Ligand code: SAT
Ligand code: MN
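Numbering (my numbering), first residue to last: 0 to 591.
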């Protein structure tokens, strides 16, 4: 018999969905069930609920209309990679870079944790669509959660509500997501993926990447698994469009690890010298890419909002982000000033004399502690972004001319280089290294291999993932060119060698010109690089040819160490590593 709380489901909900929800309601035993429809009225009601129970603090309505602050549990401020599992029949399927659990055993453990977990609480049914309505690439998910914060974030980050039920129709091809806050205890925290069942169970956390199940869990971990099965790529990439003064548009996808500037790059404002150029944002975190009938790789951004890092965001580093978060935004773990406005390290305003820090404790200027958490975030609708590309709405996506792999590296990697061909480009992506950031729990600033910026997000064996990338080449008639960039190289004095931000436009210009066969390059052991005369340095302050040569320098000593460090990853995954990767390594060593 169906649970009494489900006696009157909305007519649009199909029986397959209802059966699954019924099982979860029987398991978690909530006091109430709310069917979310995605309407503005519902948003207002839920915001009122969240304010009443202290989940959200309303901000100054004149300065931040429609905005709220949320403080998460201090033990719960980032993704937890060591508690994230891929549950597949065999361990080999999850591969050496994922935590693996046997699906039935993990199900039993999760059932124990979830049994009765929503007693006294409300279960929200959140239907959502990843991708544009009507897109052949779009995927439906249903997240059941006992967190109003999650509902309000999902409403910004996805196309939430009846649009998802309509897309699903009578089908049962939807992602089954269950999220229970429990008591937010790290000892009872698990983020589990069941790719074969298209299912996710997340318990014990309320933090973004762990609980907004459409994002990392569905769009990347389950998405990458589906992509391999169905012949497409789910990638941790921003998508942007470069429009030249002549109106030519070139679309680029770029992978950088979490908190390495994807949002800033996707919203780039060109410097004065490039005032006739325009950068359009399509997405800042996730790209789903599939070869079109034209044989070109097409990309969509499956999301509808930005879950961006607040610290360091200001009118200089990212004016478009500042305008995007001016209204209808949820801030998480930033500082609160006495006038009801928010602040973080690297804000335009100087540190406030006093405020409440991210934990709600009194904070004074000059304090040695940070006022905002280093991984504090904003959740904002992409519709607010002044640079949002109208093509973001196209169900078929945009044709991709270039793919960029970028890391955060203080040494070794030059500002920009271009792969010799697709296989070499896959090798550049596969051997990517980057210094760890506050986006995940753990040490910050250590170089680790992060292939394609997907180390925490690839939902299956990483060796098979490289093979899938290599195989994709056969299905693409006109493959994108592949580039590697590093904005973060430092000099001996510890200062960044490259100014970054808007000036990255110059790197984009060279990349775009390479895509259209308009500019020269020079062959090096690492790949093609711009000769100094190929790279526009005009109008830069204190940055001329010598500085360019320093930021592009290839130091053979550093590269010997780099190749050895790449080997550590290759050894770990050796049994499933495509031979092409080993050949590429040999070729690189030979060239060096
Ligand atoms: O916290 S999220 O995983 O959503 C953001 C990130 O780490 O990339
Ligand atoms: Mn990300």
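Every residue gets a Cβ at the ideal spot worked out from N, C-alpha and C, and that includes glycine.
Predicted, not measured: the structure shown is a model, and the values here were computed from it.
Opening and closing residue of the alpha helix (DSSP H) in which residue i lies
i           : result
residue 545 : 544–551
residue 261 : 261–265
residue 90  : 90–93
residue 558 : 555–571
residue 14  : 14–27
residue 2   : Residue 2 -> no alpha helix (DSSP H), and no H or E assigned at all.
residue 423 : 421–429
residue 586 : 578–590
residue 49  : 39–51
residue 149 : 147–156
residue 210 : 207–210
residue 475 : It is not in any alpha helix (DSSP H) - residue 475 carries neither H nor E in the DSSP assignment.
residue 509 : 503–514
Candidates the options: closest to residue i by CA position
i           : options            : result
residue 176 : 236, 122, 0        : 122
residue 351 : 287, 528, 398, 370 : 370
residue 242 : 211, 4, 387        : 387
residue 245 : 274, 314, 226      : 274
residue 11  : 155, 5, 164        : 164
residue 248 : 562, 515, 485      : 515
residue 523 : 230, 306, 84, 415  : 415
residue 530 : 548, 537, 541, 341 : 548
residue 636 : 54, 80, 468, 408   : The requested residue 636 does not occur in the structure, where the chain is confined to residues 0 to 591.
residue 355 : 3, 270, 69, 8      : 69
residue 572 : 97, 15, 44, 20     : 97
residue 340 : 143, 283, 62       : 62
residue 258 : 240, 236, 276      : 236
residue 198 : 166, 279, 106      : 106
residue 34  : 256, 159, 115      : 159
residue 465 : 401, 8, 431, 78    : 431
residue 308 : 20, 344, 286       : 344
residue 400 : 313, 476, 342      : 476
residue 391 : 240, 31, 584       : 240
residue 496 : 81, 412, 7         : 412
Closer than 7 angstroms to chain B by CB, residue i
i           : result
residue 168 : This model lacks chain B altogether; it includes just one protein chain.
Burial state of residue i (16 or more Cβ within 10 Å)
i           : result
residue 75  : buried
residue 581 : exposed
residue 455 : buried
residue 131 : buried
residue 17  : exposed
residue 543 : exposed
residue 29  : buried
residue 510 : buried
residue 89  : exposed
residue 296 : buried
residue 195 : exposed
residue 443 : exposed
residue 284 : buried
CB-CB length for residue i against residue j, believed under 8 angstroms
i           : j           : result
residue 183 : residue 191 : Wrong, their Cβ atoms sit about 17 angstroms apart, outside the cutoff.
residue 451 : residue 254 : 5 angstroms
residue 420 : residue 322 : Rounded, the Cβ-Cβ distance is 40 angstroms, inconsistent with contact.
residue 463 : residue 575 : 6 angstroms
residue 224 : residue 459 : 5 angstroms
residue 427 : residue 483 : 5 angstroms
residue 304 : residue 380 : 5 angstroms
residue 205 : residue 214 : Contact flag wrong, Cβ pair sits at about 14 angstroms.
residue 173 : residue 102 : Between residue 102 and residue 173 the Cβ distance is about 19 angstroms, and since that is not below 8 angstroms, they are no contact.
residue 149 : residue 211 : 7 angstroms
residue 143 : residue 178 : 7 angstroms
residue 326 : residue 65  : 5 angstroms
The beta strand (DSSP E) enclosing residue i, as first and last residue numbers
i           : result
residue 139 : 138–144
residue 174 : 173–179
residue 249 : 248–254
residue 395 : No beta strand (DSSP E) holds residue 395; DSSP gives it neither H nor E.
residue 11  : Per DSSP, residue 11 belongs to no beta strand (DSSP E) and is neither H nor E.
residue 225 : Taken as a continuous stretch (DSSP letters only), residue 225 belongs to no beta strand (DSSP E), being part of the alpha helix (DSSP H) at 222–229.
residue 162 : Element bounds for residue 162: not the beta strand (DSSP E) but the alpha helix (DSSP H), 161–167.
residue 191 : 189–193
residue 278 : 277–282
residue 287 : 286–290
residue 412 : That residue, residue 412, is in no beta strand (DSSP E); it is neither H nor E in DSSP.
residue 448 : 446–448
residue 296 : 296–299
residue 234 : 232–234
Closer than 6 angstroms: residue i CB and nearest the ligand COA heavy atom
i           : result
residue 566 : Within the structure as shown, the ligand COA is missing, the only ligands being the ligand SAT and the ligand MN.
| task | May I have all residues whose beta carbon comes closer than 6 angstroms to any heavy atom of the ligand SAT, sorted in chain order? | result | 78, 207, 208, 214, 215, 257, 306, 438
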